[in-house]
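Student: Right, I'll just put the structure down here and ask away after.
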Amino acid sequence: MTIKESIGDRLLLIFMYAAIIVFALACLIPFVSVISSSLSTETALMKYGFSIFPKEFSLEAFRLLFKDSTIYKAYGVTIFITVVGTVLAMLVTCAMAYPLSLRSLKYRNPITFYVFFTMLFHGGLVSTYILITKYLGMKDSIWVLIIPSLINPFNMFLMRNFFKSIDESLAESAKIDGANDIYIMFRIMLPISLPAIATISLFYALAFWNKWFEAMLFISNKDLFPLQYLIKRILENAEFGKQLAASSFIPNYVTPTLTTRMATTVVTIGPIIFLYPFLQKYFVKGLLVGAVKG
4 MTIKESIGDR
14 LLLIFMYAAI
24 IVFALACLIP
34 FVSVISSSLS
44 TETALMKYGF
54 SIFPKEFSLE
64 AFRLLFKDST
74 IYKAYGVTIF
84 ITVVGTVLAM
94 LVTCAMAYPL
104 SLRSLKYRNP
114 ITFYVFFTML
124 FHGGLVSTYI
134 LITKYLGMKD
144 SIWVLIIPSL
154 INPFNMFLMR
164 NFFKSIDESL
174 AESAKIDGAN
184 DIYIMFRIML
194 PISLPAIATI
204 SLFYALAFWN
214 KWFEAMLFIS
224 NKDLFPLQYL
234 IKRILENAEF
244 GKQLAASSFI
254 PNYVTPTLTT
264 RMATTVVTIG
274 PIIFLYPFLQ
284 KYFVKGLLVG
294 AVKG
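Positions 4 to 297 (my numbering) are the ones given, in order, by the sequence shown.
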């Protein structure tokens with residue numbers, strides 16, 4: 004039996020589709036405009052402004068950008084903190100989430116409240132800066148971009164809720180067969196928690212990939228700048244493009260300052276944007292199961 008849609012339902016459907024299309028265009032047009040600007044000449048960009056399609060096609064900005072070793076070093080730093088940080092963060096998060104999902108854990112509720120409290124309140128920027136620089140001695144170390152971010156309370160609660168959705172009889176049967184908690188977590192729980200692990204890993208990977216604030220506070224060595232902090236400095240410093248172009252030695256050469264900024268933006272967002280399609284099939288399931296039970 005088919006249900007006939009009323010005129011009101013059809014109008015509502017059309018309105019929703021129109022709203023989604025407008026929202027998608029509002030997100031897509033600036034992104035396309037940045038890519039188009041990075042592929043234009045500096046002269047065309049100054050003459051015609053930003054556009055959807057490049058007026059005068061040129062790869063000069065990318066050529067200048069990859070001519071300098073700065074972008075390669077920043078790429079190495081960002082890939083390192085993203086890969087190592089995500090793996091370590093998932094280990095720490097799972098190591099804390101799984102015990103908190105067990106009813107048999109002593110003091111489970113006070114520990115859970117302590118973690119929840121840190122999600123709402125923290126010591127502030129000054130105390131964090133003093134702790135990291137004075138007591139932990141992590142200033143100008145690449146680990147300052149990883150270790151303080153190894154656990155996120157919100158992600159830990161999502162992971163804990165996913166573990167709670169798994170029938171406890173599975174772990175009890177393994178214990179009867181002689182397995183300990185570590186074996187149960189790594190050989191039984193984690194393999195069947197792939198949707199949640201993929202989802203939380205994506206959250207952590209995005210957070211590590213976009214790190215710039217910690218670099219601004221604690222990193223002064225240029226070789227340790229991550230990509231996002233480098234692009235922030237480039238956007239604020241017009242001299243960067245001129246420094247890249249200084250080695251060109253071409254008469255009447257127009258320094259591609261604006262296009263270099265756009266090219267840097269495209270280069271920094273490239274790899275991480277291709278990660279989402281591979282994790283999309285786990286994303287909805289992992290987030291939904293982790294969010295429903297409390």
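Don't be surprised by glycine CBs; every beta carbon is placed ideally from N, CA and C.
Could you check what DSSP says for Phe60 in three-state terms: helix, strand or coil?
Tutor: On the sequence shown, residue 60 is found 57 positions in, with the first residue counted as 1. Three-state DSSP puts Phe60 in a strand.
Student: Going by the beta-carbon positions, is the gap between Thr89 and Ala208 smaller than 8 Å?
Tutor: Counted from its first residue, the sequence shown places residue 89 at position 86. Counted from its first residue, the sequence shown places residue 208 at position 205. Cβ atoms of Thr89 and Ala208: closer than 8 Å.
Student: For Phe53, which residues from the same chain have a beta carbon less than 6 Å from its beta carbon, with the 5 sequence-adjacent residues on both sides left out?
Tutor: Taking the sequence shown and counting its residues from 1, one reaches residue 53 at position 50. Here the set comprises Ser36 and Ser40.
Student: Among the candidates Pro57, Tyr110 and Ser144, whose CA atom is the shortest distance from the CA of Leu227?
Tutor: Within the sequence shown, residue 227 is the residue found at index 224, counting from 1. Minimum Cα distance to Leu227 is reached at Ser144.
Student: Would you give the residue range spanned by the alpha helix (DSSP H) that Asn112 belongs to?
Tutor: Taking the first residue of the sequence shown as 1, we reach residue 112 at position 109. Unbroken alpha helix (DSSP H) run through Asn112: Arg111 to Leu123.
Student: Contact between the region 194–204 and the region 104–113: three or more CB pairs below 8 Å?
Tutor: No, the region 194–204 is not in contact with the region 104–113.
Student: What ranges does the beta strand (DSSP E) occupy inside the region 163–213, keeping only unbroken runs of at least 3 residues that lie completely in it?
Tutor: The qualifying runs do not exist here; there are none.
Student: Could you spell out where the alpha helix (DSSP H) holding Pro102 opens and where it closes?
Tutor: Locating residue 102 in the sequence shown gives position 99, counting from the first residue. Segment Thr73 to Ser104, the alpha helix (DSSP H) holding Pro102.
Student: Can you list, in chain order, the residues of its chain whose CB lies under 8 Å from that of Leu68, leaving out five sequence neighbours each side?
Tutor: Taking the sequence shown and counting its residues from 1, the one referred to as residue 68 is at position 65. Same-chain partners within the cutoff: Ile74, Leu247, Thr263, Ala266, Thr267 and Val270.
Student: Nearest CA to the CA of Glu59: which residue from Thr46, Asn224 and Lys235?
Tutor: Taking the sequence shown and counting its residues from 1, the one referred to as residue 59 is at position 56. For the residues Thr46, Asn224 and Lys235, the minimum Cα distance to Glu59 belongs to Thr46.
Student: Lys296 by DSSP, collapsed to three states: which one?
Tutor: Taking the first residue of the sequence shown as position 1, residue 296 is located at position 293. In this prediction, Lys296 scores a pLDDT of 47, lower than 50, which makes its location untrustworthy; no coordinate-derived value is stated.
Student: Under three-state DSSP, which class holds Ser223?
Tutor: Here the question's residue 223 lines up with position 220 in the sequence shown. In this structure, Ser223 counts as coil in the three-state DSSP scheme.
Student: Does DSSP put Ser43 in a helix, a strand or coil?
Tutor: Residue 43 sits at position 40 when you count from the first residue of the sequence shown. If DSSP states are grouped into helix, strand and coil, Ser43 belongs with the strands.
Student: Considering only the alpha carbon of each residue, which of Glu217, Leu31 and Tyr232 lies closest to Val129?
Tutor: Against the sequence shown, residue 129 aligns to sequence position 126. Looking at the Cα atoms, Glu217 is the closest of the given residues.
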